[in-house]
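Visitor: Chains as they are written, first to last, in our numbering: chain F, 1 to 479; chain R, 480 to 969.
A virtual CB, placed ideally from N, CA and C, is assigned to each residue, including glycine.
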């Protein structure tokens with residue numbers, strides 16, 4: 001058997017245009033010989049496009065691809081559709097008024113075949129023997145898929161690209177195909193596009209995660225944590241998510257819809273002679289998502305804490321929040337009930353030994369830890385959130401044993417659990433690695449789609465934007 | 480002024496000492512209503528003053544701070560604390576006459592001059608509140624008859640009072656009404672509303688008396704809480720260094736060891752702290768603590784007797800009058816101890832290792848907690864009070880040692896506690912001299928080196944039974960149950 005004799009395939013800042021329908025942007029990716037990759041991502045993320053680029057599809061606008069072998073086998077729905085369209089065209093093009101049968105299956109398989117022996121054995125294994133004389137276009141979808149597979153496999157490709165190869169195959173065929181793929185691992189590098197992680201063949205060594213036309217992450221399967229996080233991310237991205245309902249029993253008091261959620265009038269914070277925030281006017285109307293940006297030390301967190309009531313100087317300012325003019329005998333718990341809040345410092349402060357489920361439930365009480373008994377409804381809602389986060393089996397695990405990123409996700413669920421009128425996300429991605437950043441952003445985008453919660457997103461990079469947020473407040477550092 | 484406690488007949492003394500009832504949460508259903516709209520003026524803006532004020536204001540109450548003119552003029556720390564947190568600040572003359580409740584949160588030592596200055600300014604029928612009853616009980620301060628006198632004493636340092644409130648909880652709190660000063664019978668309602676305002680009702684409130692609070696608080700702080708930890712630190716450190724253990728390691732083992740082992744105490748009492756040891760180590764710690772209890776019991780008795788008789792407060796007040804000569808000397812001496820001067824070494828000690836290599840420290844905590852509890856209850860103080868003033872507060876004090884050793888502990892605690900701590904330490908170090916001679920690194924520094932970790936069944940059962948049946952464990956498990964979710968002391 002030939003062993004793999006390939007160079008690294010190198011994609012260097014590659015931008016590819018697909019008939020102006022889709023663009024892959026600035027792809028950096030290295031595929032080493034002996035690696036077998038899975039490309040994964042949500043629908044429309046660009047998985048198939050990326051796979052197709054390796055088969056020469058698309059127009060490279062920028063960047064370079066080197067080391068790509070000549071003989072690349074591609075099995076995909078797009079290629080399958082194209083082939084069938086071609087066959088149908090033959091029909092249309094027939095001017096002889098004779099019914100064309102189209103290309104028979106044996107021709108499709110054995111013309112230009114590199115390894116007829118292998119093709120024969122595969123035809124038999126895949127149960128196509130009786131269909132060899134039938135017209136290709138008369139086959140069922142599953143059958144044409146098998147033909148495509150046999151063509152690609154028996155063509156002895158130097159790189160085999162399989163885009164959702166297992167879709168639509170019956171159990172026996174699936175097992176057969178997987179066994180065959182396993183048998184060529186040593187000779188043929190493979191790139192497999194997969195939506196579902198649980199179908200991932202054992203021989204896969206690496207995973208590329210694609211989102212919005214970019215390769216966002218690459219993970220070595222040996223790195224177990226990163227791999228599990230990717231699994232969770234895909235779960236969040238691919239499942240049809242419904243944010244769990246609020247507690248039907250303990251409802252938040254209704255707010256007067258004619259009034260803004262927050263109104264800061266000439267808000268000022270100073271320590272001694274040092275002015276941190278200087279005469280800030282800010283009104284947050286209901287449904288108006290905001291982004292607050294500014295460099296370190298510009299007072300972002302101070303401004304937030306005026307709203308949440310955590311800053312002592314909220315009593316010396318003219319602040320109207322959720323129907324309360326501050327400093328008139330209201331308690332901070334009357335304010336906090338309307339706010340969901342997530343920040344890095346909250347995560348640092350959330351050092352209690354309690355279960356993941358309790359962390360979520362504590363959002364109903366705006367407490368760190370649980371000091372009262374939770375209701376059945378609250379427990380049920382917490383379970384729904386856990387399921388949404390892909391942590392259904394971790395409800396009873398201690399919160400402080402979770403990874404940093406998982407803790408952050410739980411704290412976002414905690415903040416959202418009561419469906420607060422205002423959700424404050426203070427640098428929610430700070431300190432997170434790429435993977436967890438993706439996870440958190442995916443969750444926030446889901447929340448922004450909802451109607452009842454107004455999001456206030458804080459980030460010191462003004463350019464780091466979230467879909468759905470259209471109002472910006474930039475703070476400058478006071479010198 | 481005469482010692483108030485000593486003016487009471489024995490019958491009344493005993494009744495007051497035994498006053499302590501764990502209140503039901505339903506008793507706080509009225510929330511802060513009794514204080515709503517009333518003007519609360521805090522005197523003193525240290526850790527308790529500031530943090531209680533922050534909590535009360537966040538509970539919707541009207542709080543301002545009265546400071547001495549020089550503190551305002553010189554913009555002292557207390558002035559900064561209050562103004563930077565957005566409070567109204569004024570002189571006694573400005574604010575006290577408008578106050579419905581005056582919260583005296585100054586250090587014990589200042590109570591007499593402060594109360595003497597404030598009382599004539601207070602409006603008729605107002606309320607004067609204390610966080611500690613020393614001034615009333617030991618100094619015998621007489622309060623104007625029309626004034627209501629209450630006590631609300633959070634059983635934690637001020638920073639903790641705030642931190643727990645912010646996380647939606649509170650700290651266990653003791654409340655009392657001075658029965659000689661409750662002309663309108665509203666003292667209890669005010670004290671309860673105050674406890675709600677600081678968040679205390681969520682963590683459990685004990686209804687006590689000024690007398691029980693003072694006599695138990697003094698006892699706890701000078702024996703197990705500060706005295707035992709200070710004595711233990713010094714003895715254990717010197718022993719380890721003498722036995723050739725690296726000084727940096729010894730310093731770290733002690734500085735952070737108290738915090739780690741008492742964390743186990745906080746979660747599950749003495750039993751759980753001992754359960755963290757291997758079976759042979761547990762039996763060893765038990766035996767050592769039994770020995771320590773026999774040696775130290777007379778000392779605990781003496782402290783309690785001096786506190787009950789008033790001898791302790793009398794000698795301390797003499798030192799106050801003598802410009803704190805003793806206190807300052809002892810403070811300087813502490814700074815010169817080898818433990819204090821040796822920084823914690825840059826070595827990793829795992830959580831379990833603090834137990835395994837600190838068997839003697841575990842034994843000292845056990846002996847101190849049990850002795851303080853036993854002595855207090857024998858003096859007529861009720862178990863709940865005794866629990867809070869011994870076992871409950873030990874982890875809090877241990878935490879201050881972890882921050883900056885004995886200096887931080889003595890800087891954080893009250894002058895009264897510090898004075899008592901030195902008294903205890905000076906008596907206890909020589910008392911344990913013989914005992915320490917037999918101590919080797921197997922119980923402090925290195926841990927038992929065992930080839931066989933087996934133990935005798937019968938002996939283990941005896942030890943476990945003795946641990947679990949101690950009265951401090953029974954009351955402790957009930958009171959800890961009220962703190963639905965135990966959290967780490969950050």
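1) With three or more C-beta pairs closer than 8 Å as the rule, is the region 666 to 681 of chain R touching the region 387 to 394 of chain F?
2) Taking residue 270 (chain F) as part of the beta strand (DSSP E), name the residues at either end of that continuous run.
3) When Cβ atoms are compared, which residues of the region 404 to 428 of chain F fall closer than 9 Å to chain R?
4) Just the Cα atoms here: how many angstroms apart are residue 897 (chain R) and residue 876 (chain R)?
5) In the DSSP assignment, find the unbroken beta strand (DSSP E) run with residue 207 (chain F) in it and report its ends.
6) Within 10 Å of its beta-carbon, does residue 94 (chain F) have 16 or more other beta-carbons around it, so buried, or fewer, so exposed?
7) Between residue 840 (chain R) and residue 736 (chain R), how many whole angstroms is the CB-CB distance? I'm expecting something under 8 Å.
8) Which residues of the region 544 to 570 of chain R have a Cβ closer than 7 Å to any Cβ of chain F? Give them in chain order.
9) If contact is defined by three or more beta carbon pairs under 8 Å, each pair taking one atom from either stretch, is the region 665 to 680 of chain R in contact with the region 644 to 655 of chain R?
10) Compute the Euclidean distance between the alpha carbons of residue 775 (chain R) and residue 907 (chain R), then round it to the nearest angstrom.
11) Could you work out which residues of chain R lie near residue 367 (chain F), taking near to mean beta carbons separated by less than 8 Å?
12) Counting only C-beta atoms, is residue 538 (chain R) closer than 8 Å to chain F at any point?
13) Cα-Cα, which of R:863, R:652 and R:513 is closest to residue 665 (chain R)?
14) Within the same chain, show all residues whose beta-carbon is closer than 7 Å to that of residue 443 (chain F), passing over the 5 residues directly before and after it, in chain order.
15) Is DSSP giving residue 126 (chain F) helix, strand or coil here?
16) Residues of chain R with CB closer than 8 Å to the CB of residue 341 (chain F), please, in chain order.
17) Using beta carbons (cut-off 8 Å, strictly below), is residue 332 (chain F) in contact with chain R?
18) So, with DSSP's three-state summary, where would you put residue 21 (chain F)?
19) Is it buried or exposed, residue 37 (chain F), if we count other Cβ atoms within 10 angstroms and call 16 or more buried?
20) Which residues does DSSP pair with residue 606 (chain R) in a beta bridge?
21) So the candidates are R:554, R:938 and R:491; which of them puts its Cα closest to the Cα of residue 273 (chain F)?
22) Looking at chain B, is there any beta carbon in it that lies within less than 8 Å of the beta carbon of residue 533 (chain R)?
23) Would you mind reading off the limits of the alpha helix (DSSP H) that contains residue 849 (chain R)?
24) What residues in the region 299 to 324 of chain F have a beta carbon less than 9 Å from any beta carbon of chain R?
25) Between residue 329 (chain F) and chain R, is the shortest Cβ-Cβ distance under 8 Å, so that the two count as touching?
26) Does the CB of residue 1 (chain F) have a neighbour CB from chain R at under 8 Å?
27) Kindly identify the DSSP beta-bridge partner or partners of residue 686 (chain R).
28) Touching or not, the region 201 to 220 of chain F and the region 146 to 155 of chain F, by the rule of three or more beta carbon pairs under 8 Å?
29) Report yes or no: is there a C-beta of chain F within less than 8 Å of the C-beta of residue 763 (chain R)?
30) Taking just the CA atoms, how far does residue 374 (chain F) sit from residue 353 (chain F)?
31) Out of R:823, R:596 and R:858, which one is the CA nearest neighbour of residue 712 (chain R)?
32) State the DSSP-derived secondary structure class of residue 94 (chain F), mapped to helix, strand or coil.
33) Would you kindly report the start and end of the unbroken beta strand (DSSP E) that includes residue 218 (chain F)?
34) For the region 491 to 501 of chain R against the region 558 to 566 of chain R, do three or more pairs of beta-carbon atoms, one drawn from each stretch, fall closer than 8 Å, so that the two count as touching?
35) I'd like to know whether the C-beta atoms of residue 280 (chain F) and residue 322 (chain F) end up nearer to each other than 8 Å.
36) According to DSSP, is residue 66 (chain F) helix, strand or coil?
Guide: Once the coordinates are examined:
1) Fewer than three Cβ pairs drawn from the region 387 to 394 of chain F and the region 666 to 681 of chain R lie within less than 8 Å of each other, which leaves the two stretches out of contact.
2) 262 to 271
3) none
4) 12 Å
5) 206 to 211
6) Below a pLDDT of 50, predicted positions are generally treated as unreliable, and residue 94 (chain F), at 49, falls in that range; no measurement from the model is reported.
7) Contact holds; Cβ gap of about 5 Å.
8) 563, 564 and 565
9) yes
10) Going by the C-alpha atoms only, they are around 7 Å apart.
11) 646, 647 and 648
12) yes
13) R:513
14) Only 236, 409 and 412 meet the Cβ criterion.
15) coil
16) Correct list: empty, because the minimum Cβ distance to chain R is about 12 Å.
17) Chain R contact via Cβ: present.
18) Coil at residue 21 (chain F), not helix or strand.
19) Around the CB of residue 37 (chain F), 16 or more other CB atoms lie within 10 Å, so the residue is classed as buried.
20) R:580 and R:627
21) R:554
22) No chain B appears in the structure shown, which is made up of the protein chains F and R.
23) 838 to 857
24) 309, 310, 311, 312, 313, 314, 315, 316 and 317
25) Taking Cβ atoms only, chain R reaches closer than 8 Å to residue 329 (chain F), which makes this a yes.
26) With a pLDDT of only 42 at residue 1 (chain F), under 50, the local geometry of the prediction cannot be trusted, and no value is derived from it.
27) R:500 and R:654
28) no
29) no
30) A direct Cα-Cα distance of roughly 17 Å separates residue 353 (chain F) from residue 374 (chain F).
31) R:823
32) No answer about residue 94 (chain F) holds up, because its pLDDT of 49 lies below 50 and its placement is not dependable.
33) 214 to 220
34) no
35) no
36) For residue 66 (chain F), the secondary structure class from DSSP, reduced to helix, strand or coil, is strand.
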